[in-house]
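Colleague: Starting off with a structure, shown below.
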Amino acid sequence: MLPWRLLRHPIKRDFASKEDLESGLGSVGISNEDRLVLYSDLNNRYAFYAFWVLKAFGHKELYVLNGGKTLWEVKGLPKEREMRRRATTKYEANTPDWSDRVMVWEILKRLKEADGFQLLDVRYREEYYGDVGTSPEHPNEESQTTGHIPGAINVPWNVFFDEVTEELIPPNRLNLKIEKTDTVVYCRTGARASLVWFYLKYLLGFPRVRLYDGSWAEWGNMVGVPVER
Numbered sequence: 000m001l002p003w004r005l006l007r008h009p010i011k012r013d014f015a016s017k018e019d020l021e022s023g024l025g026s027v028g029i030s031n032e033d034r035l036v037l038y039s040d041l042n043n044r045y046a047f048y049a050f051w052v053l054k055a056f057g058h059k060e061l062y063v064l065n066g067g068k069t070l071w072e073v074k075g076l077p078k079e080r081e082m083r084r085r086a087t088t089k090y091e092a093n094t095p096d097w098s099d100r101v102m103v104w105e106i107l108k109r110l111k112e113a114d115g116f117q118l119l120d121v122r123y124r125e126e127y128y129g130d131v132g133t134s135p136e137h138p139n140e141e142s143q144t145t146g147h148i149p150g151a152i153n154v155p156w157n158v159f160f161d162e163v164t165e166e167l168i169p170p171n172r173l174n175l176k177i178e179k180t181d182t183v184v185y186c187r188t189g190a191r192a193s194l195v196w197f198y199l200k201y202l203l204g205f206p207r208v209r210l211y212d213g214s215w216a217e218w219g220n221m222v223g224v225p226v227e228r
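Take a look at the structure:
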């Protein structure tokens with residue numbers, strides 16, 4: 000088991016430092032040579048988020064279980080209730096490579112330029128249009144304002160997977176009408192957008208796709224930034 004908190008900074012909203020990540024992964028028995036197959040609840044979103052983080056820190060053998068826990072249960076595959084404990088290890092992470100990450104200042108810079116990256120808002124349509132301030136899974140976590148970043152195209156994340164089995168939709172069945180160009184994706188906290196980042200990068204072969212993990216939780220609480228509805 001890999002608790003999500005081990006990937007997070009203990010105080011601020013950010014990811015763990017290199018040293019804390021090494022300590023955390025080592026404490027649950029993960030080694031650099033391990034093949035990690037990730038899955039989570041909530042449509043597997045945190046599995047894709049963990050993939051994105053661990054990739055940045057240089058873990059080599061990373062996979063996401065397609066369909067996650069939901070498809071496993073749909074197929075009636077065996078489960079166990081006891082957590083297996085592994086001996087601690089000495090994990091050694093790389094200095095993080097955040098080339099697949101975008102910070103808020105880059106978004107602000109892009110809004111002032113005629114040319115720039117394509118911006119995809121992958122939240123539900125109600126969030127994009129400002130009718131609601133958060134996703135239905137987190138009703139008590141609204142931002143100060145609603146709407147979307149100017150110029151963002153809404154492509155809801157749930158078009159990329161089957162909502163019954165949670166399997167990713169095969170690319171040949173996905174009717175996606177967006178340009179295959181330099182792209183940045185965001186949602187509310189980065190988790191849903193990490194699934195879309197994975198899909199665009201590894202299944203559709205976008206030449207460059209990055210994640211704005213600050214997402215609406217950052218943008219929707221900032222003073223003076225432009226917002227559209």
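Residue numbers (numbering that gives the first Met the number 0): 0 to 228. Quick reminder that beta carbons are idealized off the backbone N, C-alpha and C, glycines included.
Compute the distance between the beta-carbons of residue 185 and residue 192, then report whether it is under 8 Å.
Modeller: Yes, Cβ-Cβ distance for residue 185 and residue 192 is below 8 Å.
Colleague: With DSSP run on the structure shown, which of helix, strand or coil describes residue 153?
Modeller: Strand at residue 153.
Colleague: Count the other CB atoms, across all protein chains shown, that sit within 10 Å of the CB of residue 39; report buried if there are 16 or more and exposed otherwise.
Modeller: Buried.
Colleague: With three or more beta-carbon pairs closer than 8 Å as the criterion, would you say the stretch 205-214 touches the stretch 131-144?
Modeller: No: the two stretches stay apart, fewer than three of their Cβ pairs being nearer than 8 Å.
Colleague: Taking DSSP's pairing of strands, which residues face residue 62 in a bridge?
Modeller: Partner(s): 36.
Colleague: Suppose contacts are defined by Cβ-Cβ distances below 8 Å. Is residue 165 in contact with residue 87 by that definition?
Modeller: Cβ atoms of residue 165 and residue 87: not closer than 8 Å.
Colleague: Looking at residue 55 and residue 97, is the spacing between their C-beta atoms short of 8 Å?
Modeller: A contact, by the Cβ cut-off of 8 Å.
Colleague: Can you tell me whether residue 235 is helix, strand or coil according to DSSP?
Modeller: This structure leaves residue 235 out entirely; the chain is present only between 0 and 228.
Colleague: Drop a sphere of 10 angstroms on the beta-carbon of residue 147, count the other beta-carbons inside from all chains shown, and report buried for 16 or more, exposed for fewer.
Modeller: That one is buried.
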